[in-house]
Structure formats: C-alpha cells, structure tokens
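Residue numbering for the sequence shown follows UniProt numbering, starting at 1 and increasing by one per position. One structure is given below, encoded as structure tokens.
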Amino acid sequence: MANKTANYFNRELSWLEFNQRVLDEAHDSEIPLLERLKFLAITSSNLDEFFMVRVGGLHLLQASGNKKADPSGMTPRETLDAVSLRAHQMMVEQYRCLLEEIEPPLAAAGFQRVNPQELSDSQRRIVEHVFRDEIYPVLTPMAVTSDMEFPYLVNHTLNLVVRLAPDDKGKEKGDHKPGEDRFAIIPFGRTEFRFITLPSEGGYQYLPMEDAICLFIEQYFQGEHVLESIPFRVTKNADVSLQDEFASDLLHQMEDMLDQRKQGDCIRLEIAESVSVETLEFLEQGLGVLDENVYRIPGPLDLTAFMRLTEISGFDAQKDASWPPQPPPEVNPRISMFENITHQDILLCHPYESFEPVVRLVEEAAVDPDVLAIKQILYRTSKHSPIVAALIRAAEQGKHVTAIVELKARFDEARNIEWAKNLEHAGVQVIYGVKGLKTHAKICCIIRREPHGIQRYLHFGTGNYNDATAKIYSDISYFTNDEVLASDAINFFNSITGYSIPQKYQKLEAAPISLRDKLLDLIHHETERKKQGQKARIVAKVNSLVDPEIIEALYAASEAGVKIKLNIRGICCLRPGVPKLSKNIEVVSIIDRFLEHARIFYFYHGGDERVFISSADWMPRNLDRRVELLVPIEEEKCQRKLVKILNSYFEDNAKARVLNSEGVYERITPNKEKNLVRCQQVLYEEAVTAVNQAEKAGRTVFEPHMAPEDQ
Numbered sequence: 001m002a003n004k005t006a007n008y009f010n011r012e013l014s015w016l017e018f019n020q021r022v023l024d025e026a027h028d029s030e031i032p033l034l035e036r037l038k039f040l041a042i043t044s045s046n047l048d049e050f051f052m053v054r055v056g057g058l059h060l061l062q063a064s065g066n067k068k069a070d071p072s073g074m075t076p077r078e079t080l081d082a083v084s085l086r087a088h089q090m091m092v093e094q095y096r097c098l099l100e101e102i103e104p105p106l107a108a109a110g111f112q113r114v115n116p117q118e119l120s121d122s123q124r125r126i127v128e129h130v131f132r133d134e135i136y137p138v139l140t141p142m143a144v145t146s147d148m149e150f151p152y153l154v155n156h157t158l159n160l161v162v163r164l165a166p167d168d169k170g171k172e173k174g175d176h177k178p179g180e181d182r183f184a185i186i187p188f189g190r191t192e193f194r195f196i197t198l199p200s201e202g203g204y205q206y207l208p209m210e211d212a213i214c215l216f217i218e219q220y221f222q223g224e225h226v227l228e229s230i231p232f233r234v235t236k237n238a239d240v241s242l243q244d245e246f247a248s249d250l251l252h253q254m255e256d257m258l259d260q261r262k263q264g265d266c267i268r269l270e271i272a273e274s275v276s277v278e279t280l281e282f283l284e285q286g287l288g289v290l291d292e293n294v295y296r297i298p299g300p301l302d303l304t305a306f307m308r309l310t311e312i313s314g315f316d317a318q319k320d321a322s323w324p325p326q327p328p329p330e331v332n333p334r335i336s337m338f339e340n341i342t343h344q345d346i347l348l349c350h351p352y353e354s355f356e357p358v359v360r361l362v363e364e365a366a367v368d369p370d371v372l373a374i375k376q377i378l379y380r381t382s383k384h385s386p387i388v389a390a391l392i393r394a395a396e397q398g399k400h401v402t403a404i405v406e407l408k409a410r411f412d413e414a415r416n417i418e419w420a421k422n423l424e425h426a427g428v429q430v431i432y433g434v435k436g437l438k439t440h441a442k443i444c445c446i447i448r449r450e451p452h453g454i455q456r457y458l459h460f461g462t463g464n465y466n467d468a469t470a471k472i473y474s475d476i477s478y479f480t481n482d483e484v485l486a487s488d489a490i491n492f493f494n495s496i497t498g499y500s501i502p503q504k505y506q507k508l509e510a511a512p513i514s515l516r517d518k519l520l521d522l523i524h525h526e527t528e529r530k531k532q533g534q535k536a537r538i539v540a541k542v543n544s545l546v547d548p549e550i551i552e553a554l555y556a557a558s559e560a561g562v563k564i565k566l567n568i569r570g571i572c573c574l575r576p577g578v579p580k581l582s583k584n585i586e587v588v589s590i591i592d593r594f595l596e597h598a599r600i601f602y603f604y605h606g607g608d609e610r611v612f613i614s615s616a617d618w619m620p621r622n623l624d625r626r627v628e629l630l631v632p633i634e635e636e637k638c639q640r641k642l643v644k645i646l647n648s649y650f651e652d653n654a655k656a657r658v659l660n661s662e663g664v665y666e667r668i669t670p671n672k673e674k675n676l677v678r679c680q681q682v683l684y685e686e687a688v689t690a691v692n693q694a695e696k697a698g699r700t701v702f703e704p705h706m707a708p709e710d711q
C-alpha cells in the first residue's frame with residue numbers, strides 16, 4: 001500500500017468495536033438472561049472509562065489546537081467526530097437490547113423492573129415509606145439561579161434536574177428574572193442504593209430510586225408547581241497528567257491529582273430522552289456541554305448499576321452454571337509451597353485453576369521463621385486483600401518486606417494510597433514506583449534461609465495480585481526457584497528501588513529498557529529464517545496491539561511468509577489479510593464469561609521454541625513508559641502446558657471472531673463436520689479432568705486455605 005496510514009485502524013474506533021463485541025454477547029439468545037444483563041452492564045462500565053480517559057484526552061488535544069494525525073491518518077477532531085457518531089449508535093443499541101430483548105423475557109421469568117404508574121397499592125405504600133425514611137432526609141435539593149456557578153456534581157453519579165414554574169415573588173430577592181422557569185438539582189452522590197425491592201407474589205420486582213423520587217418530587221418543593229424532574233448523569237475528563245518527575249512527595253501529589261480529577265470538565269451528558277428543550281438548554285449552558293456530547297437515554301440511566309441485579313439470589317436458570325476454580329494437582333497441600341516449588345516449576349491458568357496457591361505462598365512466607373525477606377510489586381489489589389494483610393503480618397514479625405506500590409494505577413489510586421499508608425505503618429518498606437514510569441510488572445520474590453544456603457522463590461504473573469479479579473480474569477501464574485531468574489529478579493528489584501543502573505539480565509527482559517528490542521529481535525529472527533526457506537511461526541496473545549514499530553515488524557514477517565496468529569482481546573490497530581502486507585496474519589478475538597487478560601508469546605525459533613509470559617501489551621505505553629517484564633518459560637512441562645493453552649484460543653469456533661481487512665469482526669461459522677469448540681469451557685473442563693485424574697491416582701489435591709500444619 002502506498003498510503004501507509006491505510007495500514008492502520010484508528011485506536012479509539014478499534015476500542016469501540018471491542019465494546020461492540022461485548023455488546024454482542026448481551027444480544028446472544030443462547031446466553032442466560034442475567035448473564036446478558038451482566039454483559040450490558042460491562043459495556044456501560046467500559047464506555048464510562050473510555051470517555052473519561054480516551055475521549056477526555058482527545059478533548060484536551062483538540063482544545064490545545066493539536067491537529068497531528070495518528071498512524072491511521074485521523075486528527076483529534078476527526079476522531080472525536082467519529083467516536084461521537086459510533087458511541088451514539090452504540091447507546092441506541094444498548095437500550096434496544098435492554099428494553100426489547102432482555103427485560104421482556106426476564107419479566108416473564110418473574111424478574112421485573114416496574115413502571116411507577118403500574119405499582120400496586122401495597123407497592124406504592126412501600127415506596128412511599130422508603131422515600132420518607134431513607135431518601136427524603138438524605139438527599140438535598142440545590143436551587144440554581146441564573147447568575148450563580150453551577151454546583152459541583154460527582155462524576156458518574158445520578159442526579160435529578162427539577163424545573164419549577166416561574167414565581168414572580170422571587171424577583172424581590174433577585175433569585176431569577178420574572179416569568180423565568182426556575183431550576184434545582186438533587187445530586188444522589190456516591191450511593192450504593194439504586195434499586196428498591198418491591199413486595200411481589202413470587203419472583204423479584206424492583207423500582208429504580210430515581211423513579212421513586214420523581215413519584216414524590218412535590219414533597220421536596222411543597223407549594224411549588226413542578227413542571228418536570230429529569231434524571232441525568234455527567235462524565236468528566238479524567239485524563240489528568242501527572243508530572244511526577246518534579247514531585248517531591250508523590251503520595252501527596254497523587255492525592256492532589258484525585259482532587260483535580262473530581263473537578264474535570266464535563267465531556268458527556270446522559271439524560272432521559274423525555275427532557276424538555278428548556279431543561280436541556282439549562283444543563284448544557286451550566287455544564288458547558290455541546291449538543292454533540294449529549295446522549296438522550298430512552299430507559300434507566302447508568303446500566304453499570306444493573307450489575308448488582310445479576311447478583312440477586314435465586315433465578316439460577318437465568319445464570320451461567322458455576323465454574324468454581326479447581327485445585328491444581330501440581331500443588332501438594334501436605335507440604336509447603338516452598339517444597340512444592342523445589343520439587344517442580346508450576347504453571348497455573350486462572351481462573352480455571354485456583355489463585356489460592358499464590359495467596360498461600362505469601363501467607364506462608366509471612367509466618368515462616370526461615371524467610372528473611374519478601375519483595376513484591378502491587379499494582380491493583382482487592383478491597384480486603386489477603387496478600388497485603390500477609391505482607392503487613394510479615395513486617396510485624398520482623399521480616400524485611402519491600403512493597404512497590406503503584407500509586408498511578410488508574411482509578412485504583414485511592415485504594416493504593418490507603419494500602420501504602422497501612423503498609424508503611426506496619427514497617428513495610430514502601431516504594432512508590434519509578435519516577436516517570438508506571439510499575440506494571442507482576443512479580444513476588446521470597447528470600448529464605450535453608451540448610452544448604454539462601455534460596456529464592458519466585459512468582460511471575462500476567463495479572464494483578466488481586467484475589468477478587470483472579471476469579472473472573474483469565475491469567476497465567478508461574479512459580480519457580482530457577483537460580484538465573486532469581487538473580488535477575490533481585491537485580492530487577494534493585495534497579496527499581498535504588499540507584500542501581502539497570503543491568504543486562506540473563507533471562508528476563510524489562511521495559512522500558514530491553515523488552516521492546518527483545519520482541520523485535522524475536523520477530524526479525526522468524527522473518528530471516530523464513531527468507532532462508534526455513535520454517536517460521538509466531539503466535540501471540542495480548543489485550544491490545546497498538547505499537548507501530550511492532551506492527552511494522554509483523555507486516556515485514558508476513559510479507560516474508562511467516563505464519564502469524566494473534567489473539568487480541570481489545571484494540572487492534574494492525575490491518576490483517578491485506579495482500580502484499582499482512583495476508584499471513586490472522587487476528588482472533590474472544591469475548592466470553594471470563595475476561596481474557598493473559599499475555600503469552602510463542603516463536604518457533606528454528607525449532608528451539610521460545611515461549612514467554614508477560615505483563616505487557618504491545619502498546620507504546622507498555623513498552624516505553626511502564627516497568628514491565630517478559631518472562632521465559634523454559635521448563636519442558638510448563639512450556640508444553642502454556643503452548644497448549646495458547647493454541648486453544650485459535651481452536652475456538654463458538655466465541656471467537658476473526659478480524660477482516662475492513663476492520664469488521666466476523667463470527668466463525670463452525671464446519672458441520674467439526675464439533676463446537678469453546679476454548680474457555682475446554683480450559684475449565686481440562687482443569688476438572690486433571691483434578692479427577694489426580695484423585696483417582698490417590699494424590700491429594702490443594703484445598704483453599706489448607707496450610708501444612710492443618711493436615
């Protein structure tokens with residue numbers, strides 16, 4: 001192609017197509033209804049973050065006068081226009097899915113959102129009681145006059161705008177002009193209270209809180225004539241830059257940044273479509289929102305909140321069958337994790353195989369008298385993290401504990417600040433990442449005194465040390481005490497925590513120093529092998545492929561004849577299937593019940609196969625602006641298992657979609673002669689089979705929270 005920009009898809013539009021694939025799952029009539037509702041909630045949550053960060057960033061570029069085109073040839077203004085058109089289309093489709101495809105059959109199954117006008121007498125009494133006791137005393141209306149500053153509204157929370165009839169009495173106080181409608185805002189704030197459970201004869205009926213408030217809105221404005229009360233929601237720009245190179249105290253600066261984010265400009269206004277022209281003009285003027293950034297919603301706002309409804313007990317027929325994480329047979333529960341790792345390297349595939357061994361390793365290290373030190377990177381953790389609790393316990397018992405806490409983990413900053421303070425209070429040496437970079441690597445290193453000398457035990461992962469998300473994210477864990485990797489790991493930690501110059505590692509590769517070069521070398525090696533008439537193959541699984549240099553290297557490999565298979569969950573800027581450019585590249589995306597999150601790379605390498613796991617996606621931010629790791633998996637059994645996992649993603653003909661050269665993802669039509677293959681189900685069934693075989697062989701399998709002394 002002469003026009004190089006035609007070789008790339010736009011990043012933002014590619015992301016929206018990823019969200020479309022999630023929305024497609026909500027449309028799928030083969031999926032249980034409450035699971036479809038869950039996918040619908042995920043699409044809403046995804047869009048919230050997309051607008052806050054990506055669209056917010058584009059607005060900043062546009063406001064600064066930036067007209068530079070991205071690799072696809074689109075300027076910020078052109079991208080904003082295209083995003084607005086596509087996002088409005090997606091909103092229409094979301095609500096058509098909810099109102100026409102999901103809610104009617106759910107109601108038939110006894111799970112129903114009730115229209116306020118259809119409440120029974122007993123239900124109305126309950127709603128009035130809840131309003132009087134739990135809503136009216138809590139929420140406070142704010143009058144907004146024409147000459148006052150618009151009130152601060154919390155990002156992504158519901159609000160009501162109330163339009164009142166003119167009151168000429170107010171002219172004496174100067175509150176408004178005679179004959180003008182008056183307005184008030186009722187902000188809901190950050191409340192978990194969104195749905196009111198209604199009494200019903202069997203089944204489950206509920207009413208959104210905003211409907212209840214609108215039903216009794218006059219009680220807030222007694223003696224006034226309420227013309228309308230309309231729910232709305234604002235999205236603010238959260239793309240706040242952090243100049244930590246000049247920060248003397250990163251912790252305090254992060255707290256300042258969170259305050260700054262709260263005050264971000266409004267870049268999206270979601271509002272009930274029944275809104276009047278007068279009320280919409282009032283909000284647009286007060287919030288400084290253009291009409292193109294207004295989304296008129298034909299149903300209940302904030303579909304993200306509907307995730308809570310999917311957790312209602314009962315209605316099992318409308319939910320997926322349970323796939324509980326399986327105890328990995330490689331982990332013997334009757335011996336310590338240290339003995340398990342000494343016996344063999346262990347590779348686990350979560351959430352099919354339990355995350356408990358990861359937690360157990362840190363918990364055992366915390367109380368083991370022979371453990372001298374624990375070094376660990378914490379990027380995202382759960383609300384009640386057992387791993388953080390174990391690190392605190394280890395420090396309190398006198399062990400040397402170093403925790404690298406990434407304060408810049410987007411939208412988890414507040415939680416990480418809280419954990420950092422708790423860790424410091426317990427005596428943990430807390431390092432707040434690396435100046436100018438995000439620390440995104442997943443590694444834990446435990447130093448233990450043993451009869452033969454000092455031994456180091458390692459855990460590497462593709463996902464976070466988060467026991468909650470480990471149940472719904474598909475990731476890889478690798479345990480080893482390989483001496484070379486251990487030496488690299490210590491040097492890696494020292495380069496982060498001190499003034500040590502980053503060294504050339506023997507096996508590990510780290511971004512932003514050498515990871516990019518290593519990947520390019522591996523791709524170029526396959527290209528040269530193929531040019532020499534040898535067999536060459538590249539298989540990779542990442543969440544996003546954006547980096548132009550990596551894409552160009554893959555194009556060159558494809559032109560040389562290298563067969564390339566890419567499993568990319570989300571953004572893909574590479575254009576596959578183009579003659580004389582990428583005809584040898586296949587791109588597959590899988591959206592299923594678990595979020596695909598693992599990064600796995602395979603290179604044939606002349607028959608000396610090279611297999612890696614990584615914390616890094618193929619994006620400039622990961623390769624150039626983050627601390628990431630590329631970890632070789634060399635132990636034969638672990639390598640075979642990992643390659644089998646990787647290949648399974650290209651055997652899927654149930655949930656896989658193939659990206660064509662026009663940017664369209666097409667569902668795979670299963671061959672009638674082939675069985676239907678759903679890779680996530682295959683991986684889960686293989687985990688179950690492994691447990692069954694181990695039990696038949698008389699081996700004890702791991703059980704959650706089963707410490708050796710409890711046997």
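For each residue, glycine too, the CB sits at the ideal point set by N, CA and C.
Item checked: Extent of the continuous alpha helix (DSSP H) to which Phe-493 belongs -> 483-497
Next item on the list: Would you mind giving the Cβ-Cβ distance between Glu-278 and Ser-474, rounded to the nearest angstrom? I have them listed as a contact below 8 Å.
Entry: About 50 Å separates the two Cβ atoms, so there is no contact after all.
Item checked: DSSP-derived helix/strand/coil call for Lys-565 -> strand
Note to self: Using the Cβ count rule (16 or more neighbours within 10 Å means buried), how would you classify Gln-326?
What the structure shows: buried
Notebook entry, point to check: Looking at the unbroken alpha helix (DSSP H) that takes in His-129, where does it start and where does it end?
Noted result: 121-130
Check: In whole angstroms, what is the alpha-carbon distance linking Lys-67 and Lys-530?
Finding: 40 Å
Next item on the list: Would you tell me roughly how many angstroms separate the C-alpha atoms of Glu-35 and Gly-463, rounded to the nearest one?
Entry: 24 Å
Next item on the list: Answer yes if the stretch 474-484 comes into contact with the stretch 390-400, meaning at least three C-beta pairs across the two stretches below 8 Å, and no otherwise.
Entry: no
Item checked: The alpha helix (DSSP H) enclosing Gln-693, as first and last residue numbers -> 679-696
Note to self: For Ser-661, which residues in the same chain have their Cβ closer than 7 Å to its Cβ, ignoring the five residues on either side in sequence?
What the structure shows: Arg-575, Pro-576, Gly-577 and Val-578
Check: Between which two residues does the alpha helix (DSSP H) containing Thr-342 stretch?
Finding: 337-343
Next item on the list: Identify the continuous beta strand (DSSP E) that holds Val-611 and give its terminal residues.
Entry: 610-614
Note to self: Here's a check: name, in chain order, each residue in its chain whose Cβ is nearer than 7 Å to the Cβ of Leu-158, leaving out the five neighbours to either side.
What the structure shows: Phe-188, Glu-210, Pro-231, Arg-233, Leu-301 and Asp-302
Checklist line | First through last residue of the alpha helix (DSSP H) which encompasses Asp-624 | finding: 620-624
Next item on the list: Determine, using beta carbons only, whether Ala-598 and Lys-541 come nearer to each other than 8 Å.
Entry: yes
Next item on the list: Would you kindly report the start and end of the unbroken alpha helix (DSSP H) that includes Val-367?
Entry: 356-367
Notebook entry, point to check: So which of Arg-678, Val-434 and Leu-40 has the shortest CA-CA distance to Glu-93?
Noted result: Leu-40
Margin query: Does the stretch 630-642 come into contact with the stretch 682-698, if we say contact requires no fewer than three beta-carbon pairs (one atom in each stretch) closer than 8 Å?
Written below: no
Checklist line | Reduced DSSP secondary structure (H/G/I, E/B, other) of Lys-637 | finding: helix
Note to self: Just to confirm the assignment: which complete alpha helix (DSSP H) runs, minimum length 4, are found wholly within the stretch 65-101?
What the structure shows: 76-96
Note to self: On a Cα-Cα basis, can you pick out the residue from Phe-195, Val-331, Ala-212 and Val-226 that is closest to Asp-181?
What the structure shows: Val-226
Margin query: Once DSSP output is grouped into helix, strand and coil, what is the label at Gly-427?
Written below: coil
Next item on the list: Report the three-state DSSP secondary structure of Val-275 (helix, strand or coil).
Entry: coil
Notebook entry, point to check: Which of helix, strand or coil does DSSP assign to residue 712?
Noted result: Past the edges of the chain, shown from 1 to 711, lies residue 712, and the structure says nothing about it.
Check: Roughly how many whole angstroms lie between the Cα atoms of Arg-569 and Ser-589?
Finding: 5 Å
Next item on the list: Give the DSSP-derived three-state secondary structure of Ser-14 in the structure shown.
Entry: helix
Checklist line | Assigned exposure category for Lys-442 - 16 Cβ within 10 Å defines buried | finding: buried
Next item on the list: Go through its chain and collect everything with a Cβ distance to Asn-19's Cβ below 6 Å, but skip five positions before and after it.
Entry: Thr-43 and Asn-46
Notebook entry, point to check: To the nearest whole angstrom, what separates the beta carbons of Phe-150 and Gly-56, a pair I think is in contact under 8 Å?
Noted result: With a Cβ gap of about 19 Å, Phe-150 and Gly-56 do not count as contacting.
Notebook entry, point to check: In whole angstroms, what separates the C-alpha of Val-130 from that of Phe-221?
Noted result: 18 Å
Notebook entry, point to check: How would you label Ser-544, buried or exposed, when you count the other beta carbons within 10 angstroms and need 16 or more for buried?
Noted result: buried
Margin query: Using a Cβ-Cβ cutoff of less than 7 Å, which residues in the same chain neighbour Leu-372 once the five nearest sequence positions on both sides are dropped?
Written below: Lys-399, His-400, Ile-447, Arg-448 and Arg-449
Notebook entry, point to check: On the three-state DSSP scale, how would you describe Ser-558?
Noted result: helix
Note to self: Less than 8 Å between the beta carbons of Ile-341 and Tyr-457, yes or no?
What the structure shows: yes
Next item on the list: Output the residue ranges of the beta strand (DSSP E) runs that lie fully inside the stretch 265-323 and measure 3 residues or longer, sorted by chain position.
Entry: 266-272 and 294-297
Margin query: Give me the residue from Trp-419, Ile-431, Thr-381 and Asn-422 with the minimum Cα distance to Ile-404.
Written below: Ile-431
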